[in-house]
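Undergrad: Numbering (the numbering used here), first residue to last: 4 to 589.
In this text, a Cβ means the ideal position worked out from N, Cα and C, and glycines have one as well.
Values in this document were obtained by computation on a predicted structure and should not be read as measured data.
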């Protein structure tokens, strides 16, 4: 079957000698194992060794051994069973605590329920706005039970009473104190393990059902790509567990493979990013996943006094994932951290998505992350990534960072394009989802006629490596989170003084911030007397309702915004006009 596909990146492709079918590379049996079975095995074989740590900036750290972790997860699982949660009930978890999220999630797996971690309400977002987006997700998932932290009790109780939802509300604190006991837990049916919602603005997020087989295939293939060793590796993460990178790469992968992991609160980390360095040293961390904006933030916010004599030569990989890898950001990161042992060969790229459980590609361990310098003109006019000959860089160059090669069993191709030709990235693998939960239309358009998944991302292949160049759609990736322009435009258009149909939002790459920043262009109503006050109101409303800070609000002359042939504002056209200084005349 593999050899009959037209030009994909697959095991028989001459440029991909390193990539072979999963069954030819795995040393472990291909019979899918559940995460519960793996944890129980670790509890027996290395029960006295530490498994999870949850430090706080207050200096307290909860540490669990593998045996203690199994006991805690079993207690939560039995607590759910005792409260009427049945196998295959969807259990939603909402908490700001990584400890509560992780133990609630693993406990639900022990009960053979289907857990799903949702994002915690932002302090910048009114409660009613959170529930306006939360309720559709509850309906789409068919959730039977909601596990929440104590601080959220009044809000969730009020929401349930007002909405008439029949969902059961269970405080996480009670479940975490539940004794394990000797009662039997339900046997696994080997089907759906958990629900993962794709990252994005909440109203448009789509659920992906991850099966036990998908998870087993993903973690075994990715562990092989990382050369993961339970005896020496340590994962350190501040990433939220409702995101696939935080959940799969930093919690489930280590738990499955018997590797210890450290989990910081993202709410605490964002207040003091350099806190991560101390945790890496204290835990002898070897693997760290970060979105590009975090590399930039660490480069900018880390001071000499934060580091002292710390050294990070033991880290095997800082893995850049979740948003496009930006070479300039990596250069600044190495320049800042170089005196403390950080080297270019520790930097890695990864291309991942919830629809594939997580990783699609990964920089080969032991190889430096590859930078590809190409000619700008053919790139822009023809979509050709023409490599430049060796020589000094110029303003006409464009540099892309590689996202690595496909992990075992994963296939990558560029739709209808050859080597170094930019097109839509398409994938297939054993860890690929079957469809979006309660979104049949989105599922239908996501597949090609021959069954490959259309990622919506643009990229090219060069000598077996994947280079991601952008997106087919107008999706904005800001600090590792997907933002949909429609959501931003809807908020702005609802503000008095903004002309209907004359609002457009788009992303502009910020080298300084290491991520995409959001710009809104608006044509005000003719009777607006104070345009500056309107711009302030727009910033306030977007921050309040979407928890998003705008880079710029451009107030434009009447009729200056470009529209498409369908009558809608052209995001790409207006982005170009803004970048060239042709918008924002008021």
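Are the Cβ atoms of residue 54 and residue 64 separated by less than 8 Å?
TA: As a working mapping, residue 54 is identified with position 51 in the chain shown. As a working mapping, residue 64 is identified with position 61 in the chain shown. It is not a contact, given that the beta carbons lie outside the stated cut-off.
Undergrad: So for residue 258, helix, strand or coil by DSSP?
TA: Within the chain shown, residue 258 is the residue found at index 255, counting from 1. Three-state DSSP puts residue 258 in a helix.
Undergrad: Count the other CB atoms within 10 Å of the CB of residue 10; is the residue buried (16 or more) or exposed (fewer)?
TA: Taking the chain shown and counting its residues from 1, the one referred to as residue 10 is at position 7. The predicted position of residue 10 is uncertain, since its pLDDT is 33 and thus under 50; no value can be drawn from it.
Undergrad: If you draw a straight line from the alpha carbon of residue 261 to that of residue 417, how long is it in whole angstroms?
TA: Residue 261 sits at position 258 when you count from the first residue of the chain shown. Residue 417 sits at position 414 when you count from the first residue of the chain shown. Straight-line Cα distance between these residues: approximately 36 Å.
Undergrad: Tell me which same chain residues have a C-beta within less than 6 Å of the C-beta of residue 520, skipping the five on either side of it?
TA: By one-based count along the chain shown, residue 520 stands at place 517. The answer, listed in chain order, is 511, 513, 554.
Undergrad: Using 8 Å for Cβ pairs, my map puts residue 211 next to residue 357. What's the rounded Cβ distance?
TA: As a working mapping, residue 211 is identified with position 208 in the chain shown. As a working mapping, residue 357 is identified with position 354 in the chain shown. Between residue 357 and residue 211 the Cβ distance is about 5 Å, and since that is below 8 Å, they are a contact.
Undergrad: Please look up how many angstroms separate the CB atoms of residue 440 and residue 122, rounded, as I've assumed it's under 8 Å.
TA: Your numbering for residue 440 matches position 437 in the chain shown. Your numbering for residue 122 matches position 119 in the chain shown. Not confirmed; about 17 Å, so no contact.
Undergrad: Run through the DSSP bridge pairs and tell me what residue 364 is partnered with.
TA: Here residue 364 corresponds to residue number 361 of the chain shown, with the count starting at 1. DSSP, once it has assigned bridges, lists 354, 409 as partnering residue 364.
Undergrad: Could you pull out every unbroken alpha helix (DSSP H) segment of at least 4 residues lying fully inside the segment 427-505, listed in chain order?
TA: Counting only runs of 4 or more, we get 443-448, 488-496.
Undergrad: Is the beta carbon of residue 42 less than 8 Å from the beta carbon of residue 184?
TA: The residue you call residue 42 lines up with position 39 of the chain shown. The residue you call residue 184 lines up with position 181 of the chain shown. Their beta carbons are not under 8 Å apart, which means residue 42 does not touch residue 184 by this criterion.
Undergrad: May I have the straight-line CA-CA distance separating residue 101 from residue 451, to the nearest angstrom?
TA: Indexing the chain shown from 1 puts residue 101 at position 98. Indexing the chain shown from 1 puts residue 451 at position 448. Answer to the nearest angstrom: the Cα atoms are 38 Å apart.
Undergrad: Rounding to the nearest angstrom, what Cα-Cα distance links residue 253 and residue 130 in this structure?
TA: Position 250 of the chain shown, counted from the first residue, corresponds to residue 253. Position 127 of the chain shown, counted from the first residue, corresponds to residue 130. If you take the alpha carbons of residue 253 and residue 130, they lie about 29 Å apart.
Undergrad: Out of 228, 191, 208, 323, which one is the CA nearest neighbour of residue 249?
TA: Numbered from 1 along the chain shown, position 246 holds the residue referred to as residue 249. The option with the nearest alpha carbon to residue 249 is 323.
Undergrad: Using 8 Å as the threshold, is the C-beta distance between residue 548 and residue 507 below it?
TA: For the purposes of this step, residue 548 is identified with residue 545 of the chain shown, where counting begins at 1. For the purposes of this step, residue 507 is identified with residue 504 of the chain shown, where counting begins at 1. No, the pair does not count as a contact, with Cβ atoms beyond the cut-off.
Undergrad: Helix or strand or just coil, what does DSSP make of residue 148?
TA: In the chain shown, residue 148 corresponds to position 145, counting from 1. Strand.
Undergrad: Evaluate residue 313 with the Cβ neighbour count: other Cβ atoms within 10 Å of its Cβ, from every protein chain shown; 16 or more gives buried, anything less gives exposed.
TA: On the chain shown, position 310 is the one that residue 313 refers to. Counting Cβ neighbours within 10 Å, residue 313 comes out exposed, since fewer than 16 surround it.
Undergrad: Where does residue 425 sit, in a helix, a strand or coil, going by DSSP?
TA: The residue you call residue 425 lines up with position 422 of the chain shown. Of the three classes helix, strand and coil, the one that applies to residue 425 here is coil, per DSSP.
Undergrad: What is the DSSP secondary structure of residue 308, counted as helix, strand or coil?
TA: Position 305 of the chain shown, counted from the first residue, corresponds to residue 308. Helix.
Undergrad: Name the DSSP beta bridge partners of residue 198, please?
TA: Position 195 of the chain shown, counted from the start, is the residue given in the question as residue 198. In DSSP, residue 198 forms a bridge with 212.
Undergrad: May I ask you to verify whether the segment 237-248 touches the segment 216-226, counting CB pairs closer than 8 Å and requiring at least 3?
TA: Flag = no, the segment 237-248 and the segment 216-226 do not touch.
Undergrad: Which residues does DSSP pair with residue 266 in a beta bridge?
TA: Here residue 266 refers to the residue found at position 263 when the chain shown is read from its first residue. In DSSP, residue 266 forms a bridge with 240.
Undergrad: From 359, 380, 353, pick the residue whose C-alpha is nearest to that of residue 371; which is it?
TA: Here residue 371 corresponds to residue number 368 of the chain shown, with the count starting at 1. The shortest C-alpha separation from residue 371 is found at 353.
Undergrad: Taking residue 265 and residue 234 to be in contact with their CB atoms under 8 Å, please state how far apart those CB atoms are, rounded to whole angstroms.
TA: Position 262 of the chain shown, counted from the first residue, corresponds to residue 265. Position 231 of the chain shown, counted from the first residue, corresponds to residue 234. No, residue 265 and residue 234 are not in contact; Cβ-Cβ is about 17 Å, not under 8 Å.
Undergrad: Across which residues does DSSP place residue 2 in a beta bridge pair?
TA: Because the chain is modelled from 4 through 589, residue 2 falls outside the range shown and cannot be assessed.
Undergrad: In this structure, how does DSSP classify residue 575 when only helix, strand and coil are distinguished?
TA: Position 572 of the chain shown, counted from the start, is the residue given in the question as residue 575. Residue 575: helix per DSSP, three-state reduction.
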